[in-house]
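K.L.:
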Amino acid sequence: MTRTAPQSKVAMLRQRDPGGHARVTYVELFFDLVFVFAVTQLSHGLLRHPTLEGLIETGLMLMAVWWAWIYTAWVTNWLDPEKPPVRIMLLVVMGVGMLMTMSIPKAFGERGAVFACAFVSIQLGRSLFTLWALRKDPGQRLNFQRISAWLAFSAVFWIAGGFMEGHARLALWAVAIAIEYLSPALGFWTPGLGRTRASEWNVEGGHLAERCALFTIIALGESILVMGATAAELAWTPSVMAAFLASFIGSLAMWWIYFSFTAEAASEAISHSSDPGRVARVAYTYSHLLPIAGIIVAAVGDEWAIHHPLGHLDAKTMAALIGGPGLFMLGGLLFKKAVFRQWSPSRGAGVLALLALIPASPWLSPLTLSIATTLVMIGVAAWESLAMRARRAAVSEA
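Be aware that the sequence shown starts at 41, since it is given in my numbering, and climbs by one per residue.
#1: To the nearest angstrom, report how far apart residue 360 and residue 182 are at their CA atoms.
#2: Beta-carbon within less than 6 Å of residue 384's beta-carbon, same chain only, minus the 5 sequence neighbours each way: which residues are those?
#3: With distances taken Cα to Cα, identify the nearest neighbour of residue 13 among 145, 233 and 144.
#4: First and last residue of the alpha helix (DSSP H) that includes residue 363?
#5: Of all the options 378, 337, 240 and 220, which has the alpha carbon lying nearest to the alpha carbon of residue 306?
#6: Could you please give the first and the last residue of the uninterrupted alpha helix (DSSP H) stretch that includes residue 144?
#7: Alpha carbon to alpha carbon, how far is residue 208 from residue 300? Give it in angstroms, no decimals.
#8: Hey, out of 230, 193 and 249, whose CA is closest to residue 212's CA?
#9: By the three-class DSSP mapping on this structure, what secondary structure does residue 277 have?
#10: With a cut-off of 8 Å on the beta carbons, I'd call residue 67 and residue 127 a contact; round off their distance for me.
#11: Which same chain residues end up closer than 7 Å to residue 263 when comparing Cβ atoms and leaving out the 5 residues on each side of it in sequence?
#12: Residue 232 by DSSP, collapsed to three states: which one?
#13: Could you tell me the distance, in whole angstroms, from the CA atom of residue 398 to the CA atom of residue 215?
#14: Grab the span of the alpha helix (DSSP H) containing residue 395 for me, first residue to last.
#15: Inspect the CB distances between the region 100 to 116 and the region 274 to 292 and report whether three or more fall short of 8 Å.
#16: Using a Cβ-Cβ cutoff of less than 6 Å, which residues in the same chain neighbour residue 77 once the five nearest sequence positions on both sides are dropped?
#17: Find out if the Cβ-Cβ distance for the pair residue 319, residue 313 is shorter than 7 Å.
#18: Hey, residue 160 and residue 198: beta-carbon distance below 7 Å or not?
#19: With residue 249 as the anchor, note down where its alpha helix (DSSP H) starts and where it stops.
#20: Do residue 135 and residue 238 count as a contact pair if the criterion is CB distance below 7 Å?
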């Protein structure tokens with residue numbers, strides 16, 4: 041939301057507390073349940089289609105799902121979900137989101153038009169609602185006129201792709217998602233309407249940080265469900281249980297890294313930033329997608345490793361076991377650079393250590409590689425714990 045008008049001017053805006061951050065409401069948590077289902081659909085889709093084409097299609101679906109969710113998180117950062125019109129809007133988006141999510145497995149088949157129409161309805165419908173909600177504030181309304189124009193432009197490619205088949209659909213949808221991802225970076229520049237500067241977006245950092253942390257919990261929850269369900273249906277041999285334990289500890293390490301060293305500190309940093317809109321855009325809208333993708337890919341690799349812990353390490357299992365934690369670390373590296381304006385040596389070392397496992401992978405079993413990637417994540421967590429302890433000691437001595 042722009043800084044051009046007081047909040048009291050628009051009745052549906054959240055009331056900001058200068059001494060704290062806006063709480064996440066129950067309707068926002070309820071809304072997230074649709075995206076629990078979406079993450080499940082995405083991980084199962086990658087399990088069913090472990091090919092390069094399947095990876096590209098799943099990646100595009102993830103980008104669309106994330107975009108629908110993060111745009112809604114931004115809107116509820118400004119509009120108050122406790123207001124009946126805003127609450128109704130969220131519930132309608134939730135219903136259409138269910139339709140979108142149910143169509144994911146066959147989005148590149150017979151339900152392409154359903155997925156496209158549902159996604160466009162969510163994006164344009166929510167934006168037009170916000171435009172109406174801000175009708176009494178010309179400055180803020182102008183921003184959503186620009187956003188709506190870009191979403192209408194991308195909608196042409198979404199809808200056209202939904203009625204095409206094969207690679208034509210993939211190409212049109214790739215153009216559509218590129219338009220949507222480029223638009224914030226370009227300030228939603230629109231002929232005759234100008235562009236929005238990142239400094240104009242008055243974001244409440246604590247709320248957005250908490251929302252994104254909750255989505256991370258959703259992704260981690262899916263990884264727990266996948267490994268638990270997989271191990272439950274197999275004979276509990278020592279190798280199966282060792283693979284399960286390595287996968288479980290890997291998920292714990294991801295949680296530890298994210299929530300012990302990133303979430304709260306990032307919230308504080310954004311709240312005190314001179315340009316919170318830019319920081320939040322880079323850190324949460326863009327960079328935060330990579331850790332989510334990494335958790336989903338790691339969950340897929342964990343399932344394959346638990347199923348065949350001592351079998352041949354094929355290319356897809358190797359790519360998932362290394363690529364999942366790698367995306368998680370890379371996303372954290374970019375996130376911390378955006379928020380704290382410095383590179384994280386521990387995350388960088390983690391990425392390099394994971395890459396170093398690739399040449400050795402032909403001689404490793406899925407179980408051995410799973411243990412190795414988990415040890416890398418434990419090492420990063422330990423490094424960051426020691427670094428945090430040293431910083432706290434330095435502050436207390438000062």
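All C-beta atoms, glycine included, are put in the ideal place defined by N, C-alpha and C.
P.N.:
In brief:
#1: The count along the sequence shown starts at 1 and reaches residue 360 at position 320. The count along the sequence shown starts at 1 and reaches residue 182 at position 142. Cα to Cα, residue 360 sits roughly 44 Å from residue 182.
#2: What you label residue 384 is simply residue 344 of the sequence shown in a count that begins at 1. Cβ neighbours of residue 384 beyond the five flanking positions: 373 and 376.
#3: The requested residue 13 is not part of the displayed model; the chain covers only 41 to 438.
#4: For the purposes of this step, residue 363 is identified with residue 323 of the sequence shown, where counting begins at 1. If you look at residue 363, you'll find it in the alpha helix (DSSP H) that goes 355 to 380.
#5: For this step, residue 306 is matched to residue 266 along the sequence shown. Of 378, 337, 240 and 220, the residue nearest in Cα terms is 378.
#6: One-based indexing of the sequence shown puts residue 144 at position 104. Counted as a single uninterrupted DSSP element, the stretch harbouring residue 144 is not any alpha helix (DSSP H), since DSSP gives it neither H nor E.
#7: Mapped onto the sequence shown, residue 300 falls at position 260. Mapped onto the sequence shown, residue 208 falls at position 168. The straight-line gap from Cα to Cα measures roughly 44 Å.
#8: The residue given as residue 212 occupies position 172 in the sequence shown. Comparing alpha-carbon positions, the option among 230, 193 and 249 lying closest to residue 212 turns out to be 193.
#9: Taking the sequence shown and counting its residues from 1, one reaches residue 277 at position 237. For residue 277, the three-state secondary structure derived from DSSP is coil.
#10: Your numbering for residue 67 matches position 27 in the sequence shown. Your numbering for residue 127 matches position 87 in the sequence shown. Taking C-beta atoms under 8 Å as the contact rule, residue 67 and residue 127 qualify, at a distance of about 5 Å.
#11: Position 223 of the sequence shown, counted from the start, is the residue given in the question as residue 263. 291, 335, 338, 339 and 342, listed in sequence order.
#12: Translated into the one-based positions of the sequence shown, residue 232 becomes position 192. Residue 232 falls in the coil class under three-state DSSP.
#13: Taking the first residue of the sequence shown as position 1, residue 398 is located at position 358. Taking the first residue of the sequence shown as position 1, residue 215 is located at position 175. Their Cα atoms are separated by approximately 32 Å.
#14: For the purposes of this step, residue 395 is identified with residue 355 of the sequence shown, where counting begins at 1. Counting along the chain, the alpha helix (DSSP H) containing residue 395 begins and ends at 385 to 400.
#15: When Cβ pairs closer than 8 Å are counted between the two stretches, the region 100 to 116 is seen not to touch the region 274 to 292, the count staying below three.
#16: Start at 1 with the first residue of the sequence shown, and residue 77 comes out as number 37. Around residue 77, the same chain offers 141 as residues with beta carbons nearer than 6 Å, after the five sequence neighbours per side are excluded.
#17: In the sequence shown, the residue the question calls residue 319 occupies position 279. In the sequence shown, the residue the question calls residue 313 occupies position 273. Contact flag set, yes.
#18: Locating residue 160 in the sequence shown gives position 120, counting from the first residue. Locating residue 198 in the sequence shown gives position 158, counting from the first residue. Using a Cβ distance threshold of 7 Å, residue 160 and residue 198 count as a contacting pair.
#19: Stepping through the sequence shown from its first residue, residue 249 is reached at position 209. 245 to 272 is the span of the alpha helix (DSSP H), which, as asked, contains residue 249.
#20: Start at 1 with the first residue of the sequence shown, and residue 238 comes out as number 198. Start at 1 with the first residue of the sequence shown, and residue 135 comes out as number 95. Residue 238 places its beta carbon 7 Å or farther from that of residue 135.
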